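First comes the structure, then the notes that go with it.
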Amino acid sequence: MALTRSRVRSILNQWRGKRVLVLGDLMLDRYLWGAVDRISPEAPVPVLEVQEETLCIGGAANVAHTVVALGGAVALIGVIGEDDNGRALAAELRARNLPANGLVPLTARPTTTKTRVVARNQHLVRFDHESRAELTHGEVEQVWKRVLEALPSTDAIVVSDYGKGVITKNLLDRLLPEAKGRGIPVCVDPKDTHFMSYEGVAVVTPNQHEAAEVLGYKLRDDALVSKAGTELLGRLGADAVLITRGSEGMSLFQTDKRSDLKAVARSVYDVTGAGDTVVATYALAIAGGAEPIEAAELANRAAGDVVQQVGTAVPRIVALEALGHSRVYTAEGLLEQRERWANQGKRVVFTNGCFDILHQGHMDLLTKAKALGDILVVGINTDRSVRELKGPERPLIPEGDRSRLLAGIRSVDAVVLFDEATPLQLIEALTPDILVKGGDYDRASVVGGDAVEAAGGEVVLIPLTPDRSTTRIVTQMRELAKADKASQTGHEH
Numbered sequence: 001m002a003l004t005r006s007r008v009r010s011i012l013n014q015w016r017g018k019r020v021l022v023l024g025d026l027m028l029d030r031y032l033w034g035a036v037d038r039i040s041p042e043a044p045v046p047v048l049e050v051q052e053e054t055l056c057i058g059g060a061a062n063v064a065h066t067v068v069a070l071g072g073a074v075a076l077i078g079v080i081g082e083d084d085n086g087r088a089l090a091a092e093l094r095a096r097n098l099p100a101n102g103l104v105p106l107t108a109r110p111t112t113t114k115t116r117v118v119a120r121n122q123h124l125v126r127f128d129h130e131s132r133a134e135l136t137h138g139e140v141e142q143v144w145k146r147v148l149e150a151l152p153s154t155d156a157i158v159v160s161d162y163g164k165g166v167i168t169k170n171l172l173d174r175l176l177p178e179a180k181g182r183g184i185p186v187c188v189d190p191k192d193t194h195f196m197s198y199e200g201v202a203v204v205t206p207n208q209h210e211a212a213e214v215l216g217y218k219l220r221d222d223a224l225v226s227k228a229g230t231e232l233l234g235r236l237g238a239d240a241v242l243i244t245r246g247s248e249g250m251s252l253f254q255t256d257k258r259s260d261l262k263a264v265a266r267s268v269y270d271v272t273g274a275g276d277t278v279v280a281t282y283a284l285a286i287a288g289g290a291e292p293i294e295a296a297e298l299a300n301r302a303a304g305d306v307v308q309q310v311g312t313a314v315p316r317i318v319a320l321e322a323l324g325h326s327r328v329y330t331a332e333g334l335l336e337q338r339e340r341w342a343n344q345g346k347r348v349v350f351t352n353g354c355f356d357i358l359h360q361g362h363m364d365l366l367t368k369a370k371a372l373g374d375i376l377v378v379g380i381n382t383d384r385s386v387r388e389l390k391g392p393e394r395p396l397i398p399e400g401d402r403s404r405l406l407a408g409i410r411s412v413d414a415v416v417l418f419d420e421a422t423p424l425q426l427i428e429a430l431t432p433d434i435l436v437k438g439g440d441y442d443r444a445s446v447v448g449g450d451a452v453e454a455a456g457g458e459v460v461l462i463p464l465t466p467d468r469s470t471t472r473i474v475t476q477m478r479e480l481a482k483a484d485k486a487s488q489t490g491h492e493h
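Counting from 1, position 430 in the sequence shown corresponds to residue 430 in full-length UniProt numbering; the numbering is continuous, with no gaps.
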């Protein structure tokens with residue numbers, strides 16, 4: 001079934017604030033970024049000159065982060081070591097406004113930490129610090145105590161099993177009947193160690209390799225995928241089985257029914273955390289009243305957004321809003337639509353900007369740009385991109401709101417976010433017939449102008465509306481705030 005725009009909005013509204021209990025293996029992801037320009041004289045290995053080190057949260061922690069990023073609430077339960085990495089993980093959770101009170105510190109095991117070495121966005125090597133030993137009876141009791149405390153306010157449960165020892169048969173034998181008795185759906189990102197213990201859950205989300213491991217045969221063709229999904233569904237008695245298949249998308253199995261979802265990512269930069277995204281989005285959707293196929297469609301879209309970002313990332317809500325024929329598109333969705341416009345003989349006009357505070361100057365530019373062709377596409381800098389261009393205090397309006405505001409303007413046919421400092425990559429892929437910029441530019445400084453003209457298009461500069469600019473408005477607001485503060489200070493004296 002195709003999700004309509006109104007149905008997508010309904011699900012997103014209904015899942016807002018729903019509380020998901022995430023239980024599983026917590027991880028700290030450390031990234032060493034740098035450049036490789038030489039080979040070591042000690043051995044035939046590359047030498048990375050480390051330029052930056054970043055920390056991210058992974059495993060169950062990334063599932064929790066995804067839930068909150070999509071508008072849900074979360075209780076996160078797992079174990080960490082009483083070590084520097086454990087303290088760093090707790091700090092990273094708090095920095096993302098995620099709860100750390102469900103973490104159980106243990107002296108007998110290290111915090112699971114994965115260190116990735118990356119040179120110019122190429123993943124060179126990874127090394128891990130971890131223990132795969134199952135929790136002791138006493139440690140399980142500590143975890144279970146926190147689960148019982150969280151259950152009364154829980155709308156859905158995610159079991160994030162990475163095989164690091166937190167998810168045990170003992171724990172599952174307690175959790176699943178308790179959840180069933182309370183009517184709480186359980187969604188599982190499984191590991192083959194405990195696969196057959198996930199009986200009666202709402203969904204299991206194995207990837208193709210994990211499904212093959214537990215069943216003992218490779219899923220070489222579509223017929224074997226069908227066999228695997230049907231077999232897992234029957235053996236587990238689950239409501240659904242969602243097999244993720246990389247570039248081939250996903251396959252959802254329900255009783256006597258299979259639904260295939262096409263992969264939506266055109267460019268895959270990093271698959272880290274994609275499985276976390278799938279199970280988190282699915283759980284939140286089910287908590288919000290979605291049907292399994294609707295939850296799968298939303299999970300597919302969210303995963304497609306994440307794999308186009310480098311590092312352990314979370315999906316952007318705007319990527320989900322792009323479902324259901326909204327005017328807000330993902331890059332890949334826009335390129336597909338561009339082909340349809342071309343087949344219809346439509347002339348596509350493109351312009352871009354931060355559009356942080358919409359004003360009359362923007363409206364005039366957009367109206368005049370639309371008059372030049374049939375379809376007006378507006379590219380918007382993401383929040384990260386705006387910060388890079390304008391400084392840490394910008395944007396004033398978050399990207400989701402900016403996208404929706406522009407999509408509501410009659411002259412605008414499509415809105416798309418881009419994360420780079422310039423829209424060059426987007427323009428080269430879109431190949432608009434007309435590229436529009438404001439009159440404060442000259443032709444030589446228009447990013448993407450050469451690419452458009454080389455493809456037979458044209459660049460048009462539209463004169464700006466006098467005395468109308470976001471920078472001017474922001475400056476006036478700051479001056480007024482400063483004067484107001486001075487006035488209040490004067491009254492106090």
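Just so you know, even glycine gets a beta-carbon here, dropped at the ideal spot from N, CA and C. Since this is a predicted model, take the numbers as computed values, not measurements.
For residue i, which of helix, strand or coil comes out of DSSP?
i           : result
K18         : coil
T112        : coil
Q344        : coil
S40         : coil
N13         : helix
H359        : coil
S259        : strand
N101        : coil
A290        : coil
L106        : strand
S6          : helix
A299        : helix
Y441        : coil
L396        : coil
E388        : helix
L464        : coil
R266        : Residue placement at R266 cannot be trusted, given a pLDDT of 45 that sits under 50; what the coordinates show is reported in the next sentence. The answer is coil: DSSP assigns R266 none of H, G, I, E or B.
residue 494 : Not covered by the structure: residue 494. The range shown for the chain is 1 to 493.
Y282        : helix
If you drop the 5 nearest sequence neighbours on each side, which residues of the same chain put their C-beta closer than 6 Å to that of residue i?
i    : result
A290 : I11
R245 : Q208
N85  : L28, T111, T113
T154 : R19, L21, I184
P315 : T277, A302, D305, V306
A263 : S247, G249
T54  : Y31
V447 : T422, L424
V201 : V186, V188, A238
R347 : G373, D374, D433
V214 : D192, F195
L172 : S197
R16  : G71
What is the residue span of the beta strand (DSSP E) that residue i lies within?
i    : result
V147 : Note, V147: premise wrong, no beta strand (DSSP E); alpha helix (DSSP H) at 137-150.
L435 : 434-438
V79  : 73-81
V201 : Run containing V201: none; DSSP gives neither H nor E here.
H209 : No beta strand (DSSP E) holds H209; the alpha helix (DSSP H) holding it covers 208-215.
L125 : For the sequence presented, residue 125 should be read as Val rather than Leu. That run of the beta strand (DSSP E) goes 122-129.
What does DSSP give as the partner residue(s) for residue i in the beta ladder?
i    : result
Y329 : V416
L242 : L252
E49  : A35
H65  : DSSP output for H65 lists no bridge partner at all.
N381 : F418
F350 : V377, L435
T54  : Y31
E458 : I434
I157 : L21, V186
L26  : G59
V117 : L32, V125
CB-CB under 7 Å to residue i, same chain, minus the five flanking residues each way: which ones, in chain order?
i    : result
L405 : L358
D419 : T382, R384, S385
R94  : A100
Would you kindly report the start and end of the unbroken alpha helix (DSSP H) that includes residue i?
i    : result
S226 : 222-236
G86  : 84-95
Below 8 Å CB to CB, which residues in the same chain sit around residue i once its five sequence neighbours on both sides are set aside?
i   : result
E49 : G34, A35, V36, D37
Quick check: the region 89-102 against the region 170-182, are at least 3 beta-carbon pairs closer than 8 Å? Look at the beta carbons and you see the region 170-182 not touching the region 89-102: under three pairs across the two are nearer than 8 Å.
Inter-stretch contact at 8 Å, needing at least 3 Cβ pairs: the region 419-431 / the region 450-457: Yes, since at least three Cβ pairs between the region 419-431 and the region 450-457 fall closer than 8 Å, the two stretches touch.
For the structure I just gave you, are there three or more beta carbon pairs, one from the region 114-122 and one from the region 76-91, closer than 8 Å? With a cut-off of 8 Å, the region 76-91 and the region 114-122 do not count as touching, because too few Cβ pairs lie within range.
Are the region 166-178 and the region 132-151 in contact at 8 Å, needing three or more beta carbon pairs? With a cut-off of 8 Å on Cβ pairs, the region 166-178 is in contact with the region 132-151, counting three or more such pairs.
Given 8 Å as the limit, is there contact between the region 391-405 and the region 438-446, that is, 3 or more CB pairs closer than that? No: the two stretches stay apart, fewer than three of their Cβ pairs being nearer than 8 Å.
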